[in-house]
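Counted from 1, the sequence shown has number 88 at position 88 by full-length UniProt numbering; the numbering is strictly sequential. The structure under discussion appears below in the form of structure tokens.
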Amino acid sequence: MGEPMDAPRTSIRVQTSWGFILKGGNQMQGLQFLRPGSSPPPPFFCQPPSLSLTSSGKTAAPTPWRCVAVTLGVLFGVILVVAVVLGILVLQRRSSGSGAAGRHAWPPSHEPSTEAAGEAGAAPTRAAIPTGLPSQPCPRSWSRHGASCYRLVWSLDSWNGSRRRCSRLDSALLAIESPEEFDFVRSQTSLHPANAFWLGLSRRGAQGPWLWEDGSALSPDIFPVRSAATQEGAPDSCAWIHGSDIYAQLCHTPAFSICKRLSV
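Written out as structure tokens, the structure is:
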């Protein structure tokens, strides 16, 4: 018997924009880019569309460009990761800020000012300290000490205006009932040495007794009231705390205030 005849070799030459692609042999030997002086082929996901022969001998349509799709996918993933990291950082910063604010003994009040400061010639009036408050913890922006809640009101107003402002908050101007409470109050006001805060303490006449808003007299064992040059000879006087000391002052002088209410 004679030697077997070699199967006829076919050669397909397809020209594309990337050069010439040669296919030869009995079976598909793969694709080879023939481009003189060209660089090594790009990664698999960035390779140009391939051509293949179907069983009918026709050329199949090229596949889509995967390089663009993969690149866009990578960019989208990077943007998503960055957005998640930034969101976590923002949440952590807000959480730390809230924790720091909660450590302040007396959170500041941002109540808008509605009363005109400086009511010249206004004499102090008496108002009973609110009673029958619901049993509940201190509201937001208030701080608790013992059985009472305290709040610094950062709105300049006269003594009467400050008293009305505390009344709208279901409270009264601060009445200090013991040396221990006085130590607590001045430990907080001394943090603001440049500011003065009205107390619920006043008197009629230059020689009248110092009375709290409920009409009770100031105990001399708690603190002395220092005289101020601006109130000498004034018909009525009110008391404020400046730093760690209590001073008599003209009642129409604008100042901040401290409100107090029961916590239980």
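Glycine included, each C-beta is placed from N, C-alpha and C at the ideal position. Just so you know, these numbers come straight off a predicted model, no measurement behind them.
Inter-residue CB distance, residue i and residue j (contact presumed, cutoff 8 Å)
| i | j | result |
| --- | --- | --- |
| Val225 | Ala239 | 6 Å |
| Gly146 | Thr189 | Contact doesn't hold; Cβ gap of about 17 Å is too wide. |
| Leu174 | Leu156 | The pair is not a contact, with the Cβ atoms about 17 Å apart (cut-off 8 Å). |
Burial state of residue i (16 or more Cβ within 10 Å)
| i | result |
| --- | --- |
| Leu191 | exposed |
| Thr71 | exposed |
| Arg151 | buried |
| Phe223 | buried |
| Leu201 | buried |
| Val74 | exposed |
| Ser187 | exposed |
| Gly161 | buried |
| Ser216 | exposed |
| Leu169 | buried |
| Val185 | buried |
| Arg144 | exposed |
Cα-Cα separation, residue i to residue j
| i | j | result |
| --- | --- | --- |
| Gly87 | Ala196 | 42 Å |
| Trp142 | Arg163 | 17 Å |
| Ile79 | Arg140 | 39 Å |
| Cys259 | Gly208 | 24 Å |
| Ala255 | Ser148 | 23 Å |
| Ser257 | Asp221 | 23 Å |
| Ala194 | Ile241 | 11 Å |
| Ala69 | Val84 | 23 Å |
| Pro235 | Thr253 | 14 Å |
| Leu91 | Gly77 | 21 Å |
| Ser167 | Glu181 | 21 Å |
| Leu89 | Val81 | 13 Å |
| Arg165 | Asp214 | 17 Å |
Sub-8 Å separation of residue i and residue j beta-carbons
| i | j | result |
| --- | --- | --- |
| Ser219 | Ala248 | no |
| Ser171 | Arg93 | no |
| Trp212 | Arg203 | no |
| Trp159 | Cys251 | yes |
| Ser263 | Pro179 | no |
CB contact check: residue i to chain B, cutoff 8 Å
| i | result |
| --- | --- |
| Gly77 | Judged by its chain identifiers, the structure shown contains no chain B, having just a single protein chain. |
Same chain only: Cβ atoms within 6 Å of residue i, ignoring 5 sequence neighbours per side
| i | result |
| --- | --- |
| Asp183 | none |
| Ile246 | Phe223, Val225 and Ala239 |
Close beta carbons around residue i, own chain, < 7 Å, minus the five adjacent residues each side
| i | result |
| --- | --- |
| Glu177 | none |
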